[in-house]
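Top line first, the protein sequences correspond to chains D, P, S and F. Residue numbering for the first sequence follows this note's numbering, starting at 1 and increasing by one per position. Residue numbering for the second sequence follows this note's numbering, starting at 498 and increasing by one per position. Residue numbering for the third sequence follows this note's numbering, starting at 794 and increasing by one per position. Residue numbering for the fourth sequence follows this note's numbering, starting at 1172 and increasing by one per position.
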Amino acid sequence: MLAVERLSRHFGGLRALEDVSLAVRDGEILGLIGPNGAGKTTLFNVVTGFLRPTAGRVRFRGEEITGWPAERVTARGIARTFQNIRLFREMPAVENVVVGEHVRTRATLLDALAHTRTHRAEESAGRERARALLALVGLAGRETTPAGALAYGDQRRLEIARALATRPALLLLDEPAAGMNAAETEALMALIRRLRDSLGLTVLLIEHDMRLVMGVCDRVAVLNFGRKIAEGSREEVRRDPAVIDAYLGRRAERRAPAAQGAGDVVLAVEDLRAGYGRGDVLHGVSLEVRAGQIATLIGANGAGKSTLLRTISGLLRPRTGQIRLGQVAIGGAAPDRIVGLGVAHVPEGRQILARLTVEENLRAGAYARRDRNIEHDLAALGERFPVLRERRAQPAGTLSGGEQQMLAIARGLMARPRLLMLDEPSLGLAPQFVDRVFEVVLGVQAGGVPVLLVEQNAQRALETAHWGYVLESGRIATQGAAMRLLGDAAVQRAYLG
Amino acid sequence: MTVFLQQLVNGISLGSVYALFAVGFTLVFGVLEIVNLAHPAVLAVGALVAYTLLSTLGVGLPLAIAGTLLATGLLGLALDAAAFRPLRARRAGPLASLITSIGAALILVSAAQRVWGTEPLGYPPGIVPLRFFSAGGVTISLLQIVILGTVMVLVVALRLLMTRTRVGIAIRAVAENPETASLLGVPFNRVVAFTLFLTSALGGVAGLLVGMLFQGSVSPFMGDTYGLKGLAAIILGGMGDITGAMLGGLAIGVGEVMIVQYLSSSYRDAVAFGLLFLVLVIRPTGLLGQQRSREA
Amino acid sequence: MAKRLLIPMLLIALVAPAAWGAAGATVTVGLAVGMTGDIAVYGTPIRNGMELAFKRINDKGSVHINPILEDTGGGRDGAINVFQKFIERDRVAAILGPVLSSQAFASDPLAVKAGVPVVGVSNTASGIPQIGPTVFRVSAPEAVQIPKSVAVAKKVLHLTRVVVMYDNADDFTISGYKTFVDELKKNEVQIADTITFARGDSDFSAQLTRAKAANPQAIVVSALAREGTLLLIQGRNLGITVPFVGGNGFNDTNIIKRAGAAAEGLIVGTAWVPSVPSAANLAFYDAYRQAYKQEPNQFAAQAYTGAQVVAEAIRRAGLTGTEPIQVQREKIVAALYTIKNFETPLGRIGITRDRDVDQQRTYVAMVRNGRFVELEAP
Amino acid sequence: MSALAALYAGYSSLILLAGVAALLALSVYVTLMAGQLSLGNAALAAIGGYTAAILTRDHHVPLWPAVLAAAAVATAAAVAIGIPALRLRGIYLALATLAFGEVVRAAALNLKITGGALGLINIPPLAGFWQVYGALAGAALFFYRLERSRVGRAFAAIREDEAAARAMGIKVTHYKVLAFAIAGGLAGVAGALAAHFAYVITPAQASFTEAVNILTFAVVGGTSTFVGPMAGGVLLTVLPEALRGLREERLLLDGAILMAVTIYCPNGISDPRLWRWRRARR
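(1) Using DSSP bridges, identify the partner residues of Leu267(D).
(2) Out of Ala169(D), Arg324(D), Met91(D) and Thr398(D), which has the shortest C-alpha to C-alpha gap to Gly12(D)?
(3) According to DSSP, simplified to helix, strand and coil, what is Tyr1097(S)?
(4) Using a Cβ-Cβ cut-off of less than 7 Å, give me the residues of the segment 353-364 of chain D that come near chain P, in sequence order.
(5) Could you tell me the distance, in whole angstroms, from the CA atom of Lys978(S) to the CA atom of Ala1217(F)?
(6) Please check the pair Leu419(D) and Pro450(D), which I expect to be a contact at CB under 8 Å, by giving their CB distance rounded to whole angstroms.
(7) Alpha carbon to alpha carbon, how far is Thr1115(S) from Ala815(S)? Give it in angstroms, no decimals.
(8) Indicate the three-state DSSP secondary structure (helix, strand or coil) for Arg663(P) in the structure shown.
(9) Under a Cβ-count criterion, where at least 16 other Cβ atoms within 10 Å of its own Cβ denotes burial, should Ala1174(F) be classed as buried or exposed?
(10) For the beta strand (DSSP E) containing Met1(D), name the first residue and the last one.
(11) Determine, for Arg869(S), whether the minimum Cβ-Cβ distance to residues of chain F falls below 9 Å.
(12) Is the shortest distance between the beta-carbon of Ser763(P) and the beta-carbons of chain S less than 9 Å?
(13) Would you report the Cα separation of Arg57(D) and Arg1337(F), rounded to the nearest angstrom?
(14) To the nearest whole angstrom, what separates the beta carbons of Ala872(S) and Pro891(S), a pair I think is in contact under 8 Å?
(15) Identify the residues that DSSP records as bridge partners of Lys228(D): which are they?
(16) Using 8 Å as the cut-off, can you tell me whether the segment 817-824 of chain S makes contact with the segment 1065-1081 of chain S, which would need three or more C-beta pairs spanning the two stretches below that distance?
(17) Should Phe1300(F) be labelled buried (16 or more other beta-carbon atoms within 10 Å of its own) or exposed?
(18) Which residues in chain F sit within 8 Å of Phe433(D), going by Cβ to Cβ distance?
(19) Going by beta-carbon coordinates alone, are Ala1361(F) and Gly1219(F) separated by less than 9 Å?
(20) Where Val928(S) and Ser919(S) are concerned, what is the direct C-alpha to C-alpha distance, given to the nearest angstrom?
(21) For Asp766(P), which three-state DSSP category applies?
(22) Which residues mark the beginning and the end of the beta strand (DSSP E) in which Leu453(D) is found?
(23) In the DSSP output, which residue or residues are listed as bridge partners for Thr202(D)?
(24) Of all Cβ atoms in chain P, is any one closer than 9 Å to the Cβ of Ala410(D)?
(25) Whose CA, out of Gly401(D), Gly382(D) and Asn373(D), lies closest to the CA of Arg392(D)?
(26) Report the three-state DSSP secondary structure of His208(D) (helix, strand or coil).
(27) Start and end of the alpha helix (DSSP H) containing Phe965(S)?
(28) Considering Phe630(P), what are the terminal residues of the beta strand (DSSP E) in which it resides?
(29) So Pro1009(S) and Arg954(S) are in contact, right, with Cβ under 8 Å, and what is the actual spacing, rounded?
(30) For Pro35(D), which residues from the same chain have a beta carbon less than 7 Å from its beta carbon, with the 5 sequence-adjacent residues on both sides left out?
(31) Check whether the segment 865-883 of chain S and the segment 1365-1379 of chain F touch, using three or more Cβ-Cβ pairs below 8 Å as the test.
(32) Pick from Ala1377(F), Ala1375(F), Pro1296(F) and Thr1408(F): whose alpha carbon is nearest that of Ala1389(F)?
(33) Here's a check: name, in chain order, each residue in its chain whose Cβ is nearer than 6 Å to the Cβ of Ala1007(S), leaving out the five neighbours to either side.
(34) Counting only runs of 4+ residues fully inside the segment 1402-1447 of chain F, write out the alpha helix (DSSP H) ranges in chain order.
(35) Taking 9 Å as the CB-CB limit, is Arg254(D) close to chain F?
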């Protein structure tokens, strides 16, 4: 059905895809997994014509479609959904689906104006089909709701219905279960099976929720750092050590000296609810970080880890619940105030200011401060991160991924925070940099600043931290001493299902 | 040859006036990614305030400049509070703020009409340093030099402000990524307000200078023609780029006078904007600009 | 929410005319003048001139006229709206205005259709009275004035070679330019170069440099007051020493006020100078300065004249305001034709058979020590 | 009836202007439908106006053929500026179209055939209530159908998310140009009709101010359905007349209303929620 041959895609220095070959067989459900930044979505984008490959070819039903524009690929029979839902938010649900029928309909502007039979026929038939598809994905009764107003899970399903409307032979699903609760995921699995069995579709899906992957996929392919590291049946893949490493992270060479952090509470979160649009992402989360402690928050993608951090740092307003820094209630305060009070948030994907120089990034980090010691701290960080000192005059955008992560952390420290929150610091980094990142984290804690660490590399995170929280679809599933959690099966489950 | 040189001088001096406008546009666009069409009006108000200070109250030039800076600066704050901040709160698109800035411009101009009337005004002769230097038939006035100098100093000063100072870095942080900036403790609204204070204050003084350069041209509408050319300049120079704005302004100024001299005075604007259109089509982000991160 | 405040206003606008319409036994005259936007530079003196005239006339008491003032703005749409309002809702007997010729071409046809007399006081483009049988004007097209100024200037300055500059964004200055060219040709003065600029410009150094490069004996300019002032100043600054010969737009004492020394030696042809030797002018001049604390200019004088002419027509038609409106309108039209050799600030004028002004005497003035003084050919 | 007739007699030109304003607003709206912001529509209208005026005045062509010709010419011009639109986004596109407008204005100012600054005068008065509102009704029907058609949905999809639209197989470039073409046609018709009840057309028709006015009609009216731009056009044309009482403050009020509407009713005055809210308060 689909054959990807020695595909590479580079962004500047970053090799998002490197020499990947993959075959999707007729009528199968193939799972594509791998840690964030492994290149899964890039592969989708190349196949569907949103990106041109740097090298390699894509064939669909024997026909070479390499470098075709997206609309042409769709017309030929490949449909996709997006990782970050891209619905037409203002339109009613049913309209979204009808738009999907665009390539399968012919009515021109003139038809519409003259209100010809073609037009009327297509319109009525189109709506019928759209309703049917909505019913199929379980959205019957929601036809007239604006897409943007639907709950998160419903939006994911609507995107599938919209993709189906293009009458594809091959369906590409990008993290269809992200943000869904267990029940919804079950339903989704059933749906995917039905698509294959009754509609005869071939499905290629990216997913982090292993219950789903292991539940529906005939075969699984694994990407890591842009390369395919495994392909085969669920069982083969599950047992493959390379895969387990990629997910849970390799054991560290040397165990980190974890000073017991049992000081008084620095950050306390109580029964926090928050989310975007209609639905909540966090359903009453409580956790705390103590002085001298590294607390880590782990869990599958879409579990709500980043949302939690964003709520703490004020980017997102809590709906209910308490957030206290020391004795001060900071829930719902403006981000810049919260930073001023001493919470530094190093966001996912680093978010360094590419057009500013390294030094300017650091100075920006010190914005909330008024004291005289900024220069001193700059020098100190220069000692700690020699790379940054060397590169201080060049635009931060020119740094490598690892260096950028260092900069992001250093920038956070420039605020002299009482608490440092790190979101996926090792994301997409080469192994040697991953080690470096965790060293730095330990260094920070040693320097007396408690850390709240969100990590996908659970193994390393738990090895480094004193206390761990496992977040599962917006709720704390388990918590405990990091050491204990390391052995816990719940953790395995959360990641590999 | 003399003619060419004289025209070059004319072009540069005209260009530096455009540049004065353009810098204001480009600063606001750089931070908010909106085109502030009220800027020309602010500039006119500046010139008129200066007129009142110089003619009616008869204060000296330095005091007048200070007064204008303050007055238009505050106007800038008001502008932000009334026209832009409510939209930011709602995360409205650039189109909305374009419209509100037009509304603000209407209000400012008509208010100015009520206060200062519509008759073009001129600063009292004594104020303006009327000195001329001639060399080989080429005449240049002290004022032209002053204005060109001002523009250059302004650009250097702004670049320093943007790279060396706490607030400057904050402004650029906001310009590149408001969310990250706020995570670093940068108060978005305050930074934006400061930017508008700054640009409007500068705009006011620009108005004063233009009013001195073109004696008897001070009126609520004086900004109109230069507004469009200022926009042209920042497109040419790449939106948001300060140096680009200056170069763009100079380029357009020189271009225009050369068209007048060697092509046809009637088609000056046609040619100028025609070229502009082409530039945009060939190089969508201007001659000097590079694709902006948040755009598209 | 905006809507809630609009609807009442709309209602007011719809109802109000009825109230205005009932203005007792006086003849209603509409004054269509642009007073908002940059057009106000001309609109203000014109309004002043008209209102002053009617005030004095009503005081005299031989006729009773109720002038209604409406703002047309600077565009044609505004003019159209005002004319329609005058004709259909206020049911005026006659209209004075509008300010710009381009507006007149848009609005006057409405009046023609309704048989309402229109008297233009500032429309100088050719073809205005030809719009229709009820369109008159008292503003002498520059065609009447420029020949004289060119002839005189030629004699005084011994002109053989000039540069012509004009504002090609304004019909008033363009018609002036055309006449200049014709007359210069007639007088065998060579035109070394023709350079344009646009209404609203502030920087003329490029054009002036080019003009200077053609080294003429004089620079003939057709421009409006604002641009004229800037031209004079910048010309002198660029070291241009030859005299400027200006069109009608230069005929404005404000130019002298603002251009100061740079205005010295400027020669303008004009329908009016402060020194017009007529009782009417003296009266007007003093009354205006008294009423508005400033020098009148040509626009004010012509507006005053226009008002005077309309009032005179009403008097000759013997209207009281009680007659049916159509009758009033017809009689005024008829009476306007009868105006001949009539004493005004512009001197003695009359209305020709094709409804244009017949101004016996136009003037050539030169700026000497800060005043317009009449210039006589040697 | 006679009352109506009298009302029309007293306001016909205003009513006609309102109709044209609505047409122009629609011409901006159609590009906005496809997520394209154009400031060139005034120029397009001017092009249409000049074309039609020349035909009817100098070559005695009847109104409708002339209007069609005007639409055709304006459409051609619109496509010419629509092509670059494929490379430009948001504010850049707006500025490019603005530049186009200035070129047209400057050209009209200097060309013989357009009559220079005075423009074309003595244009035969061929457009009245039925012509203008006939055209407007036609346009309304056009949009009513368009918005409920495959093409209209394609526009909306592009406006909301270009990438997703492409993923649905929509030929984005094709539809963007189409939107510009329709805009050109409408503007052309509007300009042509305006010229035939204003008796004159001047370069000012292509000015930046005009362009901004037209955009304002659409935005103040609201751009969620075609009703908004029409309402906006009518309202903002009648407004100055309604505010005539407060002569000097007119511009000031215009400005204030622009700001108020943009800030307080983001979806324009045609936003149904606004009206529900009002009834609720009664």
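A virtual CB, placed ideally from N, CA and C, is assigned to each residue, including glycine.
So, from the data block:
(1) In the first sequence, residue 267(D) corresponds to position 267, counting from 1. DSSP, once it has assigned bridges, lists Val289(D) and Leu325(D) as partnering Leu267(D).
(2) Counting from one through the first sequence, the residue named residue 12(D) turns up at place 12. Comparing Cα-Cα distances from Gly12(D) to each of Ala169(D), Arg324(D), Met91(D) and Thr398(D), the minimum goes to Thr398(D).
(3) Within the third sequence, the letter at position 304 stands for residue 1097(S). The DSSP-derived three-state label of Tyr1097(S) is helix.
(4) Leu353, Ala354, Arg355, Leu356, Glu360, Arg363 and Ala364
(5) Here residue 978(S) is taken as the residue at index 185 of the third sequence, counted from 1. Here residue 1217(F) is taken as the residue at index 46 of the fourth sequence, counted from 1. Rounded to the nearest whole angstrom, the C-alpha separation of Lys978(S) and Ala1217(F) is 35 Å.
(6) Here residue 419(D) is taken as the residue at index 419 of the first sequence, counted from 1. Here residue 450(D) is taken as the residue at index 450 of the first sequence, counted from 1. Correct: roughly 6 Å between the Cβ atoms.
(7) Start at 1 with the first residue of the third sequence, and residue 815(S) comes out as number 22. Start at 1 with the first residue of the third sequence, and residue 1115(S) comes out as number 322. Unreliable positioning characterises Ala815(S) in this predicted model, as indicated by a pLDDT of 40, which lies under 50. The coordinate reading is nonetheless provided below. Going from the Cα of Ala815(S) to the Cα of Thr1115(S) covers about 11 Å.
(8) Looking up residue 663(P) in the second sequence gives position 166. Note: Arg663(P) maps to helix in three-state DSSP.
(9) Position 3 of the fourth sequence, counted from the start, is the residue given in the question as residue 1174(F). When all chains shown are included, Ala1174(F) counts as exposed.
(10) Residue numbering aside, residue 1(D) sits at position 1 when the first sequence is read from its first letter. Segment: none, Met1(D) is in no beta strand (DSSP E) and carries neither H nor E.
(11) Indexing the third sequence from 1 puts residue 869(S) at position 76. Yes, its Cβ sits closer than 9 Å to a Cβ of chain F.
(12) Residue numbering aside, residue 763(P) sits at position 266 when the second sequence is read from its first letter. Output row for Ser763(P): interface = yes.
(13) Indexing the first sequence from 1 puts residue 57(D) at position 57. Indexing the fourth sequence from 1 puts residue 1337(F) at position 166. Cα-Cα distance, rounded: 21 Å.
(14) Taking the third sequence and counting its residues from 1, one reaches residue 872(S) at position 79. Taking the third sequence and counting its residues from 1, one reaches residue 891(S) at position 98. About 5 Å; that satisfies the 8 Å criterion.
(15) Taking the first sequence and counting its residues from 1, the one referred to as residue 228(D) is at position 228. Its beta-bridge partners are Leu223(D).
(16) no
(17) The count along the fourth sequence starts at 1 and reaches residue 1300(F) at position 129. Exposed, because fewer than 16 other Cβ atoms sit within 10 Å of the Cβ of Phe1300(F).
(18) Indexing the first sequence from 1 puts residue 433(D) at position 433. Result: empty, since nearest Cβ-Cβ is about 31 Å, beyond 8 Å.
(19) What you label residue 1361(F) is simply residue 190 of the fourth sequence in a count that begins at 1. What you label residue 1219(F) is simply residue 48 of the fourth sequence in a count that begins at 1. A contact, by the Cβ cut-off of 9 Å.
(20) Looking up residue 928(S) in the third sequence gives position 135. Looking up residue 919(S) in the third sequence gives position 126. Rounded to whole angstroms, Val928(S) to Ser919(S) spans 13 Å at the Cα level.
(21) The count along the second sequence starts at 1 and reaches residue 766(P) at position 269. Asp766(P): helix per DSSP, three-state reduction.
(22) Indexing the first sequence from 1 puts residue 453(D) at position 453. Residues Val451 to Glu455.
(23) Against the first sequence, residue 202(D) aligns to sequence position 202. Looking at the DSSP output, Thr202(D) sits in a beta bridge with Leu170(D).
(24) Locating residue 410(D) in the first sequence gives position 410, counting from the first residue. Cβ-Cβ to chain P under 9 Å: no for Ala410(D).
(25) Here residue 392(D) refers to the residue found at position 392 when the first sequence is read from its first residue. Ranking the options by Cα distance to Arg392(D), first place goes to Gly382(D).
(26) Working through the first sequence from its first residue, we reach residue 208(D) at position 208. Correct three-state label for His208(D): coil.
(27) Here residue 965(S) corresponds to residue number 172 of the third sequence, with the count starting at 1. Where Phe965(S) is concerned, the enclosing alpha helix (DSSP H) stretches over Asp964 to Lys979.
(28) As a working note, residue 630(P) is residue 133 in the second sequence. Start and end: Phe629 to Ala632.
(29) By 1-based counting over the third sequence, the position of residue 1009(S) is 216. By 1-based counting over the third sequence, the position of residue 954(S) is 161. About 5 Å; that satisfies the 8 Å criterion.
(30) Start at 1 with the first residue of the first sequence, and residue 35(D) comes out as number 35. Excluding residues within five positions, the ones whose Cβ falls inside 7 Å are Asn224, Ala246, Tyr247 and Gln456.
(31) yes
(32) If you number the fourth sequence from 1, residue 1389(F) lands on position 218. Of the listed residues, the one whose Cα sits closest to Ala1389(F) is Thr1408(F).
(33) Translated into the one-based positions of the third sequence, residue 1007(S) becomes position 214. Within the same chain, Ala1007(S) has close Cβ partners Val956, Ala985 and Asp986.
(34) 1421-1435
(35) As a position in the first sequence, residue 254(D) is number 254, starting the count at 1. Annotation note: pLDDT 46 at Arg254(D) (below 50); position unreliable, no value reported.
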